[in-house]
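Asks:
Residue numbers (my numbering): 1 to 645.
Put into structure tokens, the structure is as follows:
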């Protein structure tokens, strides 16, 4: 693989308001679009969240105390975690409009990178990203499976068909990815609008019959639940948290829609529909006798509908879970792309599925890895209740990490007064810590899976980042200053027409490809450009800051191209608009020289031997720099060398 490591520069991390569009019409349009993309995960939680608190690993008695206690917990969890922590506080922390754990790390790393805690903050962000991959596997599996299980409510003898139907839908979902979601995406918002309205209508239907359940808006009912059943109340948090899964997606997808439209969608439509449905489920179960309530609690979401409408509800719920799964998979592509740009993941083959939307990408390796993981999950756990046990640990782990990052944000970046910051931070640590602790009890029941995936991903991401740093350090140790080389090489090699661009990993020294070219070919082009691509810790770089060019004399130039971590590194396109380096760049008269490094693990300090071998394996299997930088295939020359790390 050609060695062109990307340099990360945290110095330009900045905070600017997230875009939200100008005018109420645009905000409304964006809010409508957000309903179809962002809220699928949290929107499909009513299918299984309320049920799992009563029939999950730690079942509760189906009585008024526990039902009102659980629905009160769901209401206050949604208020504290989603509305206050994510929508209220974290959405104010955008990195030039972008959100999510990596964007948050990029935002705050510039302020604390020189402190002893700078490295810890980066590791926390990387681990949150690692946990997301486990979540990306569990969400499609549990969502689609829980929806298809509604068939057993329609007719019990359909139970043997649930698993095959769910697997077919999931495989179809991953096969769909390579064609892109631009066309299908146009249907997402209308379908989700119908789905959320259906949630509200079904909830209202039962609420008007038993409006008494609204007393659970009072937090006293949640407190009373804990006072009566302390252990079960704590364990119930492991299932209650399923009602707020997808909260991180609101923050991560902020860059697509802006915080204004997303807040409008959440407070004005999505949250009311969800809460009405949860309270409707509680009212429905409380209105039944003990035997009927026990039967309904096996799948209370589908029992909300009259028997004649249950099959349409199953179909609608399946469509909604399909859309929710699509959003999570697309999120995995986006976060992988960010991690690649920031230097935590090797270059992977990436295809753009839309000519108009830059963010619509498809990464084959991630897609097929997720598909294999999802199929294994469904076959191993067999039903959504078992999968729900594995679900919460990844979500609550990411939430707890976001709270840690928020602590740095409030105190270091926003400089809140300690008397105000500490109570807020403690409140969120208490809530998120309790949810994480409750889900930690489910590690043996399936919670080990996202931790295993997260651990593997964390090892790969940190090994790649550390290995690249070691490799750059080794190359810099023996680097010859480019200005010295230019003077000595000018008179010792023949000059030939054309332009040679030598891709370099750093702005220091002479690229190994240039040294090998003059050593073996004994020629230099009339114009020699040493080009470094730098990825900044901001989503987008201003056009005026894209280029930096230094003329070294003798036809030698050093150029830096700067990109944000959300941008595409299209080098030929950038060169077409580059400041003159002795004249414009003509691709048919330009050759690109890449260094192909063969890594030799050694006993030198830096990484353990097994990690060095892992890094070497990752380099061999990464996509070529030619593809990553979109270089013309017929204008690329690769020159190899060996390097010990």
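The C-beta atom is built at its ideal place from N, Cα and C for all residues, glycine as well.
Everything numeric in this text was worked out from a predicted model, so none of it was measured.
Taking 8 Å as the threshold, find out whether the stretch 89 to 109 comes into contact with the stretch 247 to 266 through three or more Cβ pairs.
Replies: Yes, the stretch 89 to 109 is in contact with the stretch 247 to 266.
Asks: Are the stretch 424 to 437 and the stretch 481 to 497 in contact at 8 Å, needing three or more beta carbon pairs?
Replies: The stretch 424 to 437 vs the stretch 481 to 497: no contact.
Asks: How would you label residue 633, buried or exposed, when you count the other beta carbons within 10 angstroms and need 16 or more for buried?
Replies: So residue 633 counts as exposed.
Asks: Count the other C-beta atoms from every protein chain shown that fall within 10 angstroms of the C-beta of residue 307, then say buried if there are 16 or more, exposed otherwise.
Replies: Result: exposed.
Asks: Candidates 448, 333, 589, 410: which alpha carbon is nearest residue 104's?
Replies: Looking at the Cα atoms, 410 is the closest of the given residues.
Asks: Thinking just about the alpha-carbon of each residue, which of 304, 128, 134 is nearest to the one in residue 205?
Replies: Checked all of 304, 128, 134; the closest Cα to residue 205 is 304.
Asks: To the nearest whole angstrom, what separates the beta carbons of residue 52 and residue 388, a pair I think is in contact under 8 Å?
Replies: Correct: roughly 5 Å between the Cβ atoms.
Asks: Quick one: what's residue 504 bridged to in DSSP?
Replies: Residue 504 is bridged to 532.
Asks: Any idea what DSSP makes of residue 44, helix, strand or coil?
Replies: DSSP places residue 44 in coil when its eight states are reduced to three.
Asks: Take residue 365 and list the residues in its own chain whose beta-carbon comes closer than 8 Å to its own, dropping the five residues that flank it on each side.
Replies: Within the same chain, residue 365 has close Cβ partners 348, 349.
Asks: Residue 588: buried (16+ other C-beta within 10 angstroms of its C-beta) or exposed?
Replies: By the 10 Å Cβ count, residue 588 comes out exposed.
Asks: Classify residue 476 as buried or exposed, calling it buried when 16 or more other Cβ atoms lie within 10 Å of its own Cβ.
Replies: Exposed, by the Cβ-count rule.
Asks: Determine the closest residue to residue 586 out of 639, 60, 574, with distance taken between C-alpha atoms.
Replies: Looking at the Cα atoms, 574 is the closest of the given residues.
Asks: Distance, Cα to Cα, residue 129 vs residue 102?
Replies: When rounded, the distance between both Cα atoms is 7 Å.
Asks: Apart from the five residues just before and just after residue 547, which ones in its own chain have a Cβ nearer than 6 Å to its Cβ?
Replies: Result list for residue 547: 578, 579, in chain order.
Asks: Helix, strand or coil for residue 626 per DSSP?
Replies: Correct three-state label for residue 626: helix.
Asks: Alpha carbon to alpha carbon, how far is residue 132 from residue 517? Give it in angstroms, no decimals.
Replies: For residue 517 and residue 132, the distance between alpha carbons rounds to 44 Å.
Asks: Should residue 415 be labelled buried (16 or more other beta-carbon atoms within 10 Å of its own) or exposed?
Replies: Exposed: under 16 other Cβ atoms inside 10 Å.
Asks: Helix, strand or coil for residue 281 per DSSP?
Replies: Residue 281 falls in the helix class under three-state DSSP.
Asks: If I measure Cβ to Cβ from residue 297 and keep anything under 8 Å in the same chain, skipping five residues before and after, which residues do I get?
Replies: Here the set comprises 51, 54, 55, 62, 285.
Asks: If we ignore side chains and look at the alpha-carbon of each, how far apart do residue 407 and residue 145 end up?
Replies: Computed Cα separation, rounded: 37 Å.
Asks: Could you check how far apart the C-beta atoms of residue 224 and residue 73 are, in whole angstroms? I think they sit under 8 Å.
Replies: Their Cβ separation, rounded to whole angstroms, is 11 Å, which puts residue 224 and residue 73 out of contact at 8 Å.
Asks: For the 8 Å Cβ check, are there 3 or more pairs between the stretch 548 to 562 and the stretch 73 to 87?
Replies: In short, these stretches do not touch, since the Cβ pair count stays below three.
Asks: For my contact list, residue 447 and residue 513 are in at a C-beta cut-off of 8 Å; report their separation, rounded to the angstrom.
Replies: With 8 Å as the limit, residue 447 and residue 513 do not qualify as a contact, their Cβ atoms being about 48 Å apart.
Asks: Should residue 197 be labelled buried (16 or more other beta-carbon atoms within 10 Å of its own) or exposed?
Replies: Exposed, since its Cβ has fewer than 16 Cβ neighbours within 10 Å.
Asks: Is the Cβ-Cβ distance between residue 35 and residue 189 less than 8 Å?
Replies: The answer is yes: Cβ separation under 8 Å.
Asks: Helix, strand or coil for residue 540 per DSSP?
Replies: In this structure, residue 540 counts as coil in the three-state DSSP scheme.
Asks: For the putative contact between residue 302 and residue 150, defined by C-beta atoms under 8 Å, what is the C-beta separation to the nearest angstrom?
Replies: About 4 Å separates the two Cβ atoms, so the contact holds.
Asks: Report the three-state DSSP secondary structure of residue 498 (helix, strand or coil).
Replies: Of the three classes helix, strand and coil, the one that applies to residue 498 here is strand, per DSSP.
Asks: Identify which residue in 125, 41, 87, 77 has its Cα closest to the Cα of residue 342.
Replies: With distances taken between Cα atoms, residue 342 lies closest to 125.
Asks: If you pair each beta-carbon of the stretch 558 to 569 with each one of the stretch 531 to 538, do three or more pairs fall below 8 Å?
Replies: As far as the Cβ criterion goes, the stretch 558 to 569 touches the stretch 531 to 538, which means the pair count is three or higher.
Asks: May I have the straight-line CA-CA distance separating residue 469 from residue 506, to the nearest angstrom?
Replies: Near 11 Å, if we compare the C-alpha coordinates of residue 506 and residue 469.
Asks: Only counting the same chain, and skipping five residues up and downstream in sequence, which positions put a Cβ closer than 6 Å to that of residue 264?
Replies: Answer for residue 264: 31, listed in chain order.
Asks: Less than 8 Å between the C-beta atoms of residue 399 and residue 432, yes or no?
Replies: Against a cut-off of 8 Å, the Cβ pair of residue 432 and residue 399 comes out as a contact.
Asks: Could you name the residues of the same chain whose beta carbon sits closer than 7 Å to that of residue 421, not counting the 5 residues immediately before and after it, in chain order?
Replies: So the list reads 410, 411, once near-sequence residues are dropped.
Asks: Rank 161, 152, 530 by C-alpha distance to the C-alpha of residue 313 and give the top, closest one.
Replies: Out of 161, 152, 530, 152 has the C-alpha closest to the C-alpha of residue 313.
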